Amino acid sequence: MRVQLALAFVLGLIFGGVNGAVGIAAETAKTEPTGPIGLSTADHSRFEELKQDFASGPEVTKACLGCHNQASMQVHTTIHWNWQFSNGKTGQLLGKKNLVNGSFISTASNEPFCTRCHIGYDWTDETFDFAAEEQVDCLVCHDTTGTYDLKRMHLRKAKCTACHVTYDRKMVREAVKKPDFSELALKVGKTNRESCGSCHFLSDGGDGVKHGDLDTSLTDTTRDVDVHMAKDGLNFSCATCHKTDQHQVPGSRYSPISKDVRGMDVVGGSRATCESCHGLKPHPDGENAKLNDHVDRVACQTCHIPAFARGGLPTQTYWDWSTAGKLDDAGKEIVKRDDKERIVYSTKRGDSQWAENVVPDYVWFNGDVEHRTLNDKIDPAGTVSLNTLGGTADDARSRIWPVKTLRGKQPVDAGNSTLAAVHLFGKDKDAYWNTFDWEKSIAAGMKAAGHEFSGKVGFAETEMRIPINHMVAPKGNALDCEDCHAAGARLENVSGFYLLARDHNELLEKGGWVLVLLTLAGVIGHGTMRLAIRLRRGAAHAEVKLTSIYIFKRFERFWHWTQAALIMFMALTGFEIHGLYAVFGFQEAVHLHTTAAWLLIGLWAFAIFWHFSTGEWRHYIPSTDNLIPMVRF
Numbered sequence: 007m008r009v010q011l012a013l014a015f016v017l018g019l020i021f022g023g024v025n026g027a028v029g030i031a032a033e034t035a036k037t038e039p040t041g042p043i044g045l046s047t048a049d050h051s052r053f054e055e056l057k058q059d060f061a062s063g064p065e066v067t068k069a070c071l072g073c074h075n076q077a078s079m080q081v082h083t084t085i086h087w088n089w090q091f092s093n094g095k096t097g098q099l100l101g102k103k104n105l106v107n108g109s110f111i112s113t114a115s116n117e118p119f120c121t122r123c124h125i126g127y128d129w130t131d132e133t134f135d136f137a138a139e140e141q142v143d144c145l146v147c148h149d150t151t152g153t154y155d156l157k158r159m160h161l162r163k164a165k166c167t168a169c170h171v172t173y174d175r176k177m178v179r180e181a182v183k184k185p186d187f188s189e190l191a192l193k194v195g196k197t198n199r200e201s202c203g204s205c206h207f208l209s210d211g212g213d214g215v216k217h218g219d220l221d222t223s224l225t226d227t228t229r230d231v232d233v234h235m236a237k238d239g240l241n242f243s244c245a246t247c248h249k250t251d252q253h254q255v256p257g258s259r260y261s262p263i264s265k266d267v268r269g270m271d272v273v274g275g276s277r278a279t280c281e282s283c284h285g286l287k288p289h290p291d292g293e294n295a296k297l298n299d300h301v302d303r304v305a306c307q308t309c310h311i312p313a314f315a316r317g318g319l320p321t322q323t324y325w326d327w328s329t330a331g332k333l334d335d336a337g338k339e340i341v342k343r344d345d346k347e348r349i350v351y352s353t354k355r356g357d358s359q360w361a362e363n364v365v366p367d368y369v370w371f372n373g374d375v376e377h378r379t380l381n382d383k384i385d386p387a388g389t390v391s392l393n394t395l396g397g398t399a400d401d402a403r404s405r406i407w408p409v410k411t412l413r414g415k416q417p418v419d420a421g422n423s424t425l426a427a428v429h430l431f432g433k434d435k436d437a438y439w440n441t442f443d444w445e446k447s448i449a450a451g452m453k454a455a456g457h458e459f460s461g462k463v464g465f466a467e468t469e470m471r472i473p474i475n476h477m478v479a480p481k482g483n484a485l486d487c488e489d490c491h492a493a494g495a496r497l498e499n500v501s502g503f504y505l506l507a508r509d510h511n512e513l514l515e516k517g518g519w520v521l522v523l524l525t526l527a528g529v530i531g532h533g534t535m536r537l538a539i540r541l542r543r544g545a546a547h548a549e550v551k552l553t554s555i556y557i558f559k560r561f562e563r564f565w566h567w568t569q570a571a572l573i574m575f576m577a578l579t580g581f582e583i584h585g586l587y588a589v590f591g592f593q594e595a596v597h598l599h600t601t602a603a604w605l606l607i608g609l610w611a612f613a614i615f616w617h618f619s620t621g622e623w624r625h626y627i628p629s630t631d632n633l634i635p636m637v638r639f
């Protein structure tokens, strides 16, 4: 019965199944798309709910919530919405709402200005309703036209010079036009580099000012600047790595992952780390396999981001608020530019220093970040670290990371020895940009932040360290070994460990020199003695035919000469490793030096085994009976 059923099944496939399959294929081939197919499963321009006249942003959000009815509640739990982060490791309450930095200093009292980068509508003071669902601005992230953020920002009608030190007056009329919310609602889509960059590229004072590895050059860049975001490369959006889950965006400068030990993610997942895509052994076997030994203690970014601010735009490296407030003889504000048209002084912001193609600083970093807050005491006479990156060479969680160090000089409460919140922006008489009165502006800022001000204004040197993650160069432009393994190289100031070619072990090096000199003495002495004996015997026995007699076996002669050759070769490669010359190249010299060392150790081990197994070790022990004959011989 089973045989009959199987035979019937096969015959069915032959005579019926093929025709059936052909029929299905033919039917499928008849179904053709009526228009271009988009990448998304939804074309918002076809939704009837969005085909209406919207007078404001909250009206658009309300329409969005008709379908995406969980979106606002998800957004309400994110740091993008609350600007607050509770660090469980340090117990600090962080976030833009609470911190003081070296750029625009503080958010408190400056909400109408700072919250141009908030993903909500109309956060202008402490009365903002963080629970209102309609106050979430869907467009600021999901606009695909590239026009919304600029118009949204200018709706607040702030003084142009609050953002623009100088500006083209011809552009003002277009910039302050109200956004067309009806058109924007029909053109929403996934986030892109432009929408994320409208805040992150321009944060704290302008294009590339703060981060150094994030600026508008990344919106349309090339592989030599960033292999991931280049249009002629992988063309990643920010969300390719910072893949969201319920609007939670992975990747945090308050609690970053400095050392990812999990390796590759499953398809579609990402922890916004190099390892989640490239794994824990990113370099293929071969000549670069040794680089995988570095992964445990050196961040990928250290080698693969040789410099930041490489896209043709500078980043700010120093910001001196203490010089702000100067006016010219006519009582007008001053603006000075350098030969590259970069603003190096303005009355509103003080002195600025800029740089491109900046080599990072390097530090041990374990992912722990402690920030200086208004509650912390400082020493105004010293350099105040606005944040401290944890990590040491002895900490297994630490790796060597590249960072941008933004240095500056900013106002502090000299009486209380604390940092100061400053009221910069506003239409009132206490705003610094209106009156250039530090005492009034600090008093207003500290009051808004909930802190007392002593009334005594001071200025302190500050520095803030920002880990570098973007502008990943092509592998051909990554650092070479010599960029770190050399005296005075990039890692000169990274302490706590022995770095080959930078550091020196006095005992080991003296031992090496003794070994080299003894080998030289042995070779020269042995050769000289052989030559002298040959000449002496030749003169004494000119007419006698001499026959060479070897007291060492062939292996022993090979061992002695090979040992000498290996020691001299190790000296040759060792000198190159320490930078005295370049013959093989650092990487090859290390490889050859290590190979020679293992061969020498193996040779010694076999020689010891040989002498003990054959009993020949006794020949090296002189006795009173044969000591004098041995010397004479």
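Under the numbering used here, the first residue of the sequence shown carries the number 7, and numbering increases by one thereafter. Where a beta carbon is used, it is the ideal one built from N, C-alpha and C, also for glycine. Only a predicted model underlies this, so the values are computations on that prediction, with no experimental measurement involved.
Whether residue i touches residue j by CB criterion (9 Å)
| i | j | result |
| --- | --- | --- |
| I448 | P417 | yes |
| L430 | I111 | yes |
| R611 | W565 | The sequence given here has Ala at residue 611, not Arg. It is not a contact, given that the beta carbons lie outside the stated cut-off. |
| V301 | K287 | yes |
| C202 | A245 | yes |
| S243 | V231 | no |
| N104 | T379 | yes |
| A69 | E55 | yes |
| I406 | L497 | yes |
| R413 | E469 | yes |
| G373 | G397 | yes |
| P408 | W360 | no |
Rounded straight-line distance, which links the Cα of residue j to that of residue i
| i | j | result |
| --- | --- | --- |
| Y260 | V478 | 22 Å |
| W623 | F592 | 40 Å |
| G517 | K481 | 39 Å |
| L505 | R540 | 49 Å |
| E117 | M270 | 41 Å |
| L71 | L100 | 30 Å |
| N524 | A571 | Sequence inspection shows Leu at residue 524; the Asn mentioned does not correspond to that position. Taking the straight line joining both Cα atoms gives about 13 Å. |
| N25 | S46 | Its pLDDT being 43, under 50, N25 is placed unreliably by the model, and the measurement read from it follows with that caveat. Taking the straight line from one Cα to the other gives about 35 Å. |
| P262 | E376 | 12 Å |
| N483 | D149 | 35 Å |
| S115 | R122 | 14 Å |
| N381 | T227 | 42 Å |
| M79 | Q98 | 25 Å |
| F134 | K184 | 22 Å |
| S619 | R560 | 17 Å |
| E339 | K354 | 8 Å |
| A330 | Q252 | 43 Å |
| K102 | Y587 | 51 Å |
For residue i: DSSP bridge partner residues
| i | result |
| --- | --- |
| N675 | Outside the shown range of the chain, which is 7 to 639, sits residue 675, and nothing can be said about it. |
| I311 | I311 is not bridged to any residue. |
| W444 | Answer is none; W444 lacks a bridge partner. |
| I111 | Paired residue(s): none; I111 is not in a bridge. |
| P408 | Y368 |
| T418 | Thr is not the amino acid found at residue 418; the sequence shown has Val there. L425, G464, per the DSSP bridge assignment. |
| I349 | R343 |
| T321 | A361 |
| S92 | L99 |
| L286 | Note: L286 sits in no beta bridge, so no partner. |
| I573 | In DSSP, I573 forms no bridge with anything. |
| M235 | None, per the DSSP bridge assignment. |
| Q141 | Q141 pairs with nothing; no bridge assigned. |
Among the options, nearest to residue i - alpha-carbon criterion
| i | options | result |
| --- | --- | --- |
| H74 | D367, W327, H50 | H50 |
| T250 | T579, E117, G285, K196 | K196 |
| F136 | D59, W87, L190, D344 | W87 |
| F371 | D345, D382, A399, D489 | A399 |
| A437 | G464, G451, E140 | G451 |
| R158 | L190, Q58, L578, V341 | L190 |
| T424 | G464, E281, L56 | G464 |
| F53 | L192, G502, C147 | L192 |
| I85 | P256, K433, A330 | P256 |
| L609 | Q569, D401, Y368 | Q569 |
Supposed contact pair residue j and residue i - C-beta distance, whole angstroms, cut 8 Å
| i | j | result |
| --- | --- | --- |
| H217 | K410 | 7 Å |
| V215 | Q322 | 5 Å |
| A527 | A507 | About 28 Å separates the two Cβ atoms, so there is no contact after all. |
| L4 | G108 | Since the displayed the chain opens at 7 and closes at 639, residue 4 lies outside it and no answer follows. |
| V369 | A315 | The Cβ separation is near 19 Å, so there is no contact. |
Any non-hydrogen atom of the ligand MN closer than 8 Å to residue i Cβ
| i | result |
| --- | --- |
| T225 | Inclusion of the ligand MN in the displayed structure is not the case, the ligand content being empty and no account of it being possible. |
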